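Protein chains in written order, with the working numbering: chain A, 2 to 84; chain B, 18 to 236. What follows is a set of notes on a single structure, which appears directly below.
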């Protein structure tokens, strides 16, 4: 079965995120003075063949550990959207 | 016989010829090695130069680690062969897990291109044979992702094992502990963000990179 999977890669908590900090400093210029803890990551969409949603998830988690994210600085959240 | 250095070229590498010229100007032999060929052609040392390997897609260095030549470089490094990663080459070495940590975007979110003073912290590595701890060098940087990060445990380990090779005297990019370059436990694999090949002639504004490249050529 083919599954649509979404991977959310975000900077690991505790690791500085210069991109997020810069956006955070810019928001007040537009009047958004209450925003904080802005963090920028990326989203990767992909489709995989697997026997079940659980298998699809574990397959993509393996991709994350070995390639799609860098565990030194990033966390990856895998979500199977539909099969 | 002079030292033969293999300078690796990925699609998107752009400092390979500067590096080859610098090595030749210091009486070393150099040749460009294509990333798609696993053979290292019996070179004595490897340099992974700067640029944008594989377009820096996904993360800098992330795709380069799968290039056929990287498996050979991994074995070469594990056998004690000297490997120097400059700028993008340093990023490739961290992604390939030949060096710990990672390089993320500069703290100021600016691409930095400037002459930078760095200080030798540890000389127990392939770049330090003609240097002493505390020596200060002027070497240019040219990067957007040069902000070195690692876990507190790894940082402790780098400090305890004397594996911080260079620190910036005036940290330009937010790098943890002012780190400009590190090495592996054995000292044969070094990664650095500054470009020593661009500091090898008075015309370039500094000749301080020559001591590093000469050290590599002694191997």
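Glycine included, every Cβ here is placed at the ideal spot set by N, Cα and C. A quick note: this is a predicted structure, and the numbers were derived from the prediction, not measured.
First and last residue of the uninterrupted alpha helix (DSSP H) at residue i
i                     : result
residue 88 of chain B : 85 to 95
residue 58 of chain A : 54 to 64
residue 6 of chain A  : Note, residue 6 of chain A: premise wrong, no alpha helix (DSSP H); beta strand (DSSP E) at 3 to 12.
residue 37 of chain B : 33 to 42
residue 24 of chain A : 19 to 27
Three-state class that DSSP yields for residue i in the structure shown
i                      : result
residue 80 of chain A  : strand
residue 57 of chain B  : coil
residue 26 of chain B  : strand
residue 205 of chain B : coil
residue 106 of chain B : helix
residue 193 of chain B : helix
Residue i at chain B interface by Cβ criterion, 7 Å
i                     : result
residue 16 of chain A : yes
residue 66 of chain A : no
residue 29 of chain A : no
residue 73 of chain A : yes
residue 23 of chain A : yes
Contacts around residue i, its chain only, beta-carbon distance under 8 Å, and the 5 residues preceding and following it disregarded
i                      : result
residue 20 of chain B  : 45, 46, 61, 62, 233, 234, 235, 236
residue 122 of chain B : 161, 162, 164
residue 41 of chain B  : 47
N-terminal and C-terminal residue of the beta strand (DSSP E) that residue i is part of
i                      : result
residue 48 of chain B  : 46 to 51
residue 231 of chain B : Taken as a continuous stretch (DSSP letters only), residue 231 of chain B belongs to no beta strand (DSSP E), being part of the alpha helix (DSSP H) at 227 to 235.
residue 164 of chain B : 164 to 166
Closest by C-alpha distance to residue i, when choosing among the options
i                      : options                   : result
residue 198 of chain B : B:70, B:207, B:115        : B:207
residue 202 of chain B : B:227, B:141, B:125       : B:141
residue 127 of chain B : B:115, B:119, B:189       : B:189
residue 191 of chain B : A:16, A:41, A:11, A:73    : A:16
residue 5 of chain A   : A:58, A:37, A:25, A:47    : A:47
residue 89 of chain B  : B:184, B:186, B:200, B:58 : B:58
residue 226 of chain B : B:71, B:147, B:86, B:80   : B:147
residue 117 of chain B : B:23, B:50, B:172         : B:172
Any non-hydrogen atom of the ligand MN closer than 6 Å to residue i Cβ
i                     : result
residue 75 of chain A : Among the ligands in the structure shown, none appear at all, so the ligand MN cannot be discussed.
Within-7 Å CB hit, residue i to chain A
i                      : result
residue 121 of chain B : yes
residue 124 of chain B : yes
residue 180 of chain B : no
residue 206 of chain B : no
residue 166 of chain B : yes
Same chain only: Cβ atoms within 7 Å of residue i, ignoring 5 sequence neighbours per side
i                      : result
residue 221 of chain B : 215
Other residues of its chain near residue i: CB distance less than 6 Å, five sequence neighbours each side excluded
i                      : result
residue 119 of chain B : 111, 166
residue 50 of chain A  : 3
Between the region 67 to 82 of chain B and chain D, which residues of the former have CB atoms less than 9 Å from a CB of the latter, in chain order?
Included in the structure are the protein chains A and B, with no chain D among them.
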